[in-house]
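Structure record follows, encoded as structure tokens.
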Amino acid sequence: LKTPIARDGHGAVSFGNSMYIFGGNSEIGPLKDLWKFDFTKKIWIHLKDTPCSGRYSFSMHLWQEKFIVLFGGCSAVTSPSNTKVSNSVTVLKDLLLYDIAENKWRILPENGLWPDARYYIFYFHLKFKPNYPLIKAEL
23 LKTPIARDGH
33 GAVSFGNSMY
43 IFGGNSEIGP
53 LKDLWKFDFT
63 KKIWIHLKDT
73 PCSGRYSFSM
83 HLWQEKFIVL
93 FGGCSAVTSP
103 SNTKVSNSVT
113 VLKDLLLYDI
123 AENKWRILPE
133 NGLWPDARYY
143 IFYFHLKFKP
153 NYPLIKAEL
């Protein structure tokens, strides 16, 4: 059986009877792989890799209990829309959406006000339902 390689700077979220881990940095460089650990079967399952570059130190969270959302992080790939901080590191500002049920990644386009590229992003989940939308996105 295959299992994820050793890494740091990766993201993890739990949903149902599973934990999902994505990306991170490894001995071979930034990773773009997505894995699911099934707590019931006690097995790792390799899911679909992101169509974007590998990354580490990004924000990752579960949204609407059906999507995994990734934002920013660091990569070794350069792009005009991102910020290069050294010869080997680029800070990202892309927003990715993974549909858990469909095993499908989407790159969300920059629309209106967009944050600058960033990494080591802190995210927390609010446990209340406000009277206004916190996130607006056409799905």
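Per my numbering, the sequence shown runs over residues 23 to 161.
Built from N, CA and C at the ideal position, the CB exists for glycine as well.
The structure presented is a predicted model; accordingly, all values stated were derived computationally and were not measured.
query: Integer-rounded CB distance, given that leucine 69 should sit under 8 Å from lysine 58; result: 6 Å
query: Phenylalanine 61 classed as buried or exposed, judged by whether at least 16 other C-beta atoms fall within 10 angstroms; result: exposed
query: Reference leucine 117, options Lys24, Trp136 and Glu124, closest by Cα; result: Trp136
query: Boundaries of the beta strand (DSSP E) in which arginine 128 is found, first to last residue; result: 126-130
query: Own chain residues within Cβ distance below 6 Å of phenylalanine 37, not counting five before or after; result: Leu84
query: First through last residue of the beta strand (DSSP E) which encompasses isoleucine 27; result: Premise fails: isoleucine 27 is in no beta strand (DSSP E) and is neither H nor E.
query: Per DSSP, the bridge partner or partners of proline 52; result: Asn47
query: For valine 113, three-class secondary structure by DSSP; result: strand
query: Nearest-angstrom beta carbon gap, phenylalanine 80 and glycine 33 [assumed within contact, 8 Å]; result: 6 Å
query: Secondary structure of valine 92, DSSP reduced to three states; result: Residue identity differs from the one stated: residue 92 is leucine in this sequence, not valine. If DSSP states are grouped into helix, strand and coil, leucine 92 belongs with the strands.
query: Helix, strand or coil at alanine 159 according to DSSP, with G and I counted as helix; result: Residue placement at alanine 159 is flagged as unreliable, the pLDDT there being 48, under the threshold of 50; a coordinate-derived value is accordingly withheld.
query: Minimum C-alpha distance to isoleucine 50 - residue among Tyr78, Cys74 and Lys64; result: Tyr78
query: Where tyrosine 154 falls: helix, strand or coil (DSSP); result: Any reading at tyrosine 154 is ruled out, since the residue's pLDDT is 49, under 50, leaving its predicted position unreliable.
query: Beta-carbon proximity list for lysine 88, same chain, < 8 Å, skipping 5 on both sides; result: Asp121, Ile122 and Ala123
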